[in-house]
Amino acid sequence: MLSGYWHFTPEVLVVCGAFAALFGGYLPGKDRGAAYAAAGAAALAAAIVAFGGTGGPIVFGQLEPDSVARYARTGLAGLTAVWVLWVAGRGMPGERRREGVALALFATAGGMLLSMAEDLIVMFVTLELATMPAYVLMGYRRKDVSGLKRALDYFVDSILASVIVLYGLSFLYGISGSTAFSGLELEGSGMLGFVAVMLTLVGLFAKVSAAPLRHWTLDANAKAAPVSLAFVSTVPRVAGIVVMSRLILAIAASAPAIGILVGVAAAASMIAGNCAALSQGDLRRLLICSGIAHLGYLMMALAAGTETGYGAAVFYAVAYAVPSMGVMLVVAEEGVAIGDFARLASRRPWVAWSMVLWLLSLIGIPPLAGFFGKLYLIGAALQAELMALVLLAILATLLSAAYYFRIVREMFFGDEDEQVGGAIEPSHAATVALALCAVATVAIGIGAPRLIAALGVRFG
Amino acid sequence: MAVGPSAFMGVAAVLFSLGLYGVLTRKNAVMVLMSLELMTVAACLNMVTVSRFVTPAEMTGQVFAVFAMAVFAAQIGIGLALVLAVYRQTGSIELSSKKAT
Amino acid sequence: MSETVSGPVFAILAFACIGGAIGMLSARNTIHAALWLSEVMLAVAGLYLLLSAEYLAVVQVLIYASAMSVVVLFIIMLTLREREGPVRMADFSIGGGILAGLTGVILYMALADRGDRISAMPVEPSGTAALGELLFGRWTLPLEVAALILLVSLVAAVWWSREVDS
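Residue numbers (the working numbering), protein chains in the order written: chain G, 37 to 496; chain P, 322 to 422; chain A, 8 to 173.
Now the structure itself:
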């Protein structure tokens, strides 16, 4: 049974990085050194996962480090490395870095385990580890009273979602008599099976902030520090999406009605997210709303309930998170109002062009990551003949171009007089972090056909 | 009179709904946390019931309940620390999100 | 020969659970609510005993009925500025009531639909020792993750409870 434990090397490394950060006071360079050590650990973990092998089920079948998990874990560790590197350069606003970095790494370790989970118990426990540090990061600035209050609201909502998931899982386990994903069997469970699936999905949707419960996270998050938001709206969310996809795939075989539930939630997310994003002047709000819309596209593929849809959804989760992290980090540097971006192109041309790259990827312009992601999502939905959802997704994408291009216009043709923010001091670490995000956006796009084949997506 | 699993699960369902009602209607953060505890206990009771009636030998439900208890004890701990931190600066333990309802 | 749960004992404990929960929600004072919650926890521990989950019953009493209640009481006392009327009366929001009621009705229907397919209890299962072996054998991985969760909550609690000089 001890074979296969080497699969945990990256997670152990990430946890070690977290401990190094916690005891950062003893490291050379103190606070900043702690962040660099943590970033190094996360980057190394990403490399080990990326070049390490895959395998069959390990630990009594509770985890499965397959190729999908490898892709998700690489993405999670990589995103964390970028975020921590940026924090090493610019710091957490108003507080020291160590605890924040350590908590982020704990969340990453949880998320990496979560994306391998093949068992309800393991899924529940790792889901909590992946999402718990999020609300600490949301209320990280202790002098910011309103921030703490919002963290409390976010905390209550998040726990409520957890309890609902837990209750749903207890029914799923009760019906199938097993907690392994492979043993989930809802055939002939009638109303109780429906309730179990409803509770679990409603809770999970709230955890990854999809419609119909998205207003919770919107209100609680929309005024948080952009640095915290850059982490919270990417890493734990990607992990949650991966496991949600796995669970939906596992249930879909014996409960076909799940496709309708997910499809309705997908449509609601696309409509609500895009409509809310259109009128936002605050970039944090805009990005959160558009994040809901992106989740809607993703769930469109999950509604298909096929292996292809599952692979496409996991691919898109990371392909969306990378540019989104980049944009959010620039927001953390420049300011949260759209006017803060006026004439960014003349002040910091490279950052402005990177922003353009990320925004184009979010809209879905070839050959960037977002384009291929959306292509596969639509392909998976078409295979399952979900024509209405596909049409809605295409319309929603066109609509999203409107608000993304507003930012681009402001950066290149904005009114310079509005701009009052002074020059931002250069930081090599932060520049490298942003550059990595930009490179990754292009690289995922170029490597998409090969990545998607490894994820088990087959068309035709 | 034989008491079957659905009797236990019924008690759990009532506790869960009462807890949900408390979470949705109360403004006091401590009351909300206590209602969340009520919901957690309901979920655990559900799992232990299933464990006893469906998988008595594997005891999977009991194991699940042990983890759920540990996790939620930790969560409630964080929550109370947060309540205290908010209280120290504002003198209030009311949830701001419920002002409107 | 299958066992059965004693009907009257179950009825008393179920009544104590639900009555305690209602008492908690209708209490005017948070301290009374906390005491009602402890009572619910004790009654649920009794239900665990009926379900022959001795270890969980003990843990329930130790953690939820004692430790958590003490912590909750501490917080209530630390945050009380005046002892009179610290809590509002339950605020009967219609939306919340409807949602909670709906959940209850749906759950009831689901349970009734499922029915008592298994009403006879299986024979006495393995006890606490077997549970310990399971926890540290088959389920070691979630156990380790739970340890990390406790560490995270410790870091978070320390972070928020340290005095900030502002």
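Just so you know, even glycine gets a beta-carbon here, dropped at the ideal spot from N, CA and C.
Beta-carbon proximity check, residue i vs residue j, cutoff 7 Å
{"i": "G/Tyr346", "j": "G/Ser281", "result": "yes"}
{"i": "G/Tyr171", "j": "G/Phe142", "result": "no"}
{"i": "G/Gln98", "j": "G/Asp180", "result": "no"}
{"i": "G/Ala288", "j": "G/Gly341", "result": "yes"}
{"i": "P/Val392", "j": "G/Glu164", "result": "yes"}
{"i": "P/Ala395", "j": "A/Ile156", "result": "yes"}
{"i": "G/Glu135", "j": "G/Arg177", "result": "no"}
{"i": "G/Thr467", "j": "G/Leu393", "result": "no"}
{"i": "G/Val244", "j": "G/Gly204", "result": "no"}
{"i": "G/Tyr62", "j": "G/Ala124", "result": "no"}
{"i": "G/Glu446", "j": "G/Ala378", "result": "yes"}
{"i": "P/Leu366", "j": "A/Ala28", "result": "no"}
{"i": "G/Val50", "j": "G/Ala145", "result": "yes"}
DSSP beta-bridge partners of residue i
{"i": "G/Ala373", "result": "G/Asp318"}
{"i": "P/Asn349", "result": "P/Glu415"}
{"i": "G/Asp155", "result": "G/Ala216"}
{"i": "G/Leu99", "result": "G/Ile94 and G/Ala153"}
Per-residue burial, residue i [other beta carbons within 10 Å of its own, 16 or more giving buried]
{"i": "A/Ile105", "result": "exposed"}
{"i": "G/Trp122", "result": "buried"}
{"i": "G/Arg486", "result": "exposed"}
{"i": "A/Met146", "result": "Reading off the sequence shown, one finds Trp at residue 146 of chain A, where the question assumed Met. Under this definition A/Trp146 is a buried residue."}
{"i": "G/Ala349", "result": "buried"}
{"i": "A/Glu140", "result": "exposed"}
{"i": "G/Asp193", "result": "buried"}
{"i": "G/Tyr41", "result": "exposed"}
{"i": "G/Leu324", "result": "Strictly speaking, residue 324 of chain G in this sequence is Ile, with Leu absent from that position. By the neighbour-count rule (16 or more Cβ atoms within 10 Å), G/Ile324 is buried."}
{"i": "G/Pro359", "result": "buried"}
{"i": "G/Ser326", "result": "buried"}
{"i": "G/Phe59", "result": "exposed"}
{"i": "P/Tyr408", "result": "buried"}
{"i": "A/Glu91", "result": "Any reading at A/Glu91 needs caution, since the residue's pLDDT is 41, under 50, leaving its predicted position unreliable; the model's value is listed next. With fewer than 16 Cβ atoms within 10 Å of its Cβ, A/Glu91 is classed as exposed."}
Contacts of residue i in chain A (Cβ-Cβ under 9 Å)
{"i": "G/Gly146", "result": "Val152, Leu155, Ile156 and Val159"}
{"i": "G/Pro169", "result": "Val159, Val162 and Ala163"}
{"i": "G/Leu149", "result": "Leu148 and Val152"}
{"i": "P/Met360", "result": "Within chain A, no residue comes near P/Met360; the closest Cβ sits about 10 Å away, beyond 9 Å."}
{"i": "G/Ala297", "result": "Contrary to the premise, residue 297 of chain G reads as Leu rather than Ala in this sequence. Neighbours of G/Leu297 on chain A: none; closest Cβ ~14 Å, over 9 Å."}
For residue j and residue i, the rounded distance between their alpha carbons
{"i": "G/Met234", "j": "G/Ile460", "result": "48 Å"}
{"i": "G/Pro262", "j": "G/Leu222", "result": "42 Å"}
{"i": "A/Phe81", "j": "P/Leu401", "result": "10 Å"}
{"i": "A/Val94", "j": "P/Ile414", "result": "At A/Val94 the pLDDT is 48, less than 50, meaning the model places this residue with poor confidence; the figure from the coordinates comes in the next sentence. Distance between the alpha carbons of A/Val94 and P/Ile414: 10 Å."}
{"i": "G/Gly175", "j": "G/Ala187", "result": "5 Å"}
{"i": "G/Leu265", "j": "A/Phe17", "result": "48 Å"}
{"i": "G/Thr116", "j": "G/Ala437", "result": "28 Å"}
{"i": "G/Asp189", "j": "A/Ala107", "result": "19 Å"}
{"i": "G/Thr167", "j": "A/Ala153", "result": "13 Å"}
{"i": "G/Gly400", "j": "G/Gly299", "result": "21 Å"}
{"i": "G/Trp119", "j": "P/Pro326", "result": "49 Å"}
{"i": "G/Ala313", "j": "A/Ala164", "result": "35 Å"}
{"i": "G/Val137", "j": "G/Val367", "result": "19 Å"}
{"i": "G/Thr344", "j": "G/Leu283", "result": "15 Å"}
{"i": "G/Pro272", "j": "A/Ser13", "result": "46 Å"}
{"i": "G/His43", "j": "G/Pro101", "result": "7 Å"}
{"i": "G/Ser218", "j": "G/Leu425", "result": "29 Å"}
{"i": "G/Ala216", "j": "A/Phe22", "result": "35 Å"}
{"i": "G/Ala471", "j": "G/Gly111", "result": "16 Å"}
{"i": "G/Val158", "j": "P/Met368", "result": "15 Å"}
{"i": "G/Gly409", "j": "P/Tyr342", "result": "41 Å"}
{"i": "A/Glu89", "j": "P/Gly412", "result": "Low confidence applies here, because A/Glu89 scores a pLDDT of 43, under 50, leaving its location unreliable and the question unanswered by this model."}
Contacts of residue i in chain A (Cβ-Cβ under 7 Å)
{"i": "P/Ala402", "result": "Ala163, Ala164, Trp167 and Ser168"}
{"i": "G/Leu142", "result": "Note that residue 142 of chain G is Phe in the sequence shown, not Leu. Per Cβ cutoff of 7 Å: Leu155 and Val159."}
Contacts of residue i in chain P (Cβ-Cβ under 8 Å)
{"i": "A/Ser59", "result": "Arg373"}
Interface partners of residue i on chain P, CB under 7 Å
{"i": "A/Ala21", "result": "Val332"}
{"i": "G/Arg178", "result": "Ala406"}
{"i": "G/Leu196", "result": "Val344 and Leu357"}
Neighbouring residues, chain G, relative to residue i (Cβ below 8 Å)
{"i": "A/Arg145", "result": "Phe96"}
{"i": "P/Ala363", "result": "Tyr203"}
{"i": "P/Ala389", "result": "Phe160 and Leu202"}
Residues that residue i contacts on chain A, provided the C-beta gap is smaller than 8 Å
{"i": "G/Ile157", "result": "Trp146 and Pro149"}
Interface residues of chain G facing residue i [CB-CB closer than 9 Å]
{"i": "P/Leu336", "result": "The premise fails here: P/Leu336 is roughly 10 Å from chain G at the closest Cβ pair, so nothing lies under 9 Å."}
{"i": "P/Leu416", "result": "Lys185, Leu188, Asp189 and Val192"}
Chain P residues whose Cβ lies nearer than 9 Å to that of residue i
{"i": "G/Thr236", "result": "What G/Thr236 touches in chain P: nothing, since even the nearest Cβ is about 12 Å away."}
Output, in sequence order along the chain, the residues in the segment 56-84 of chain A whose CB is closer than 9 Å to any CB in chain B. Included in the structure are the protein chains G, P and A, with no chain B among them.
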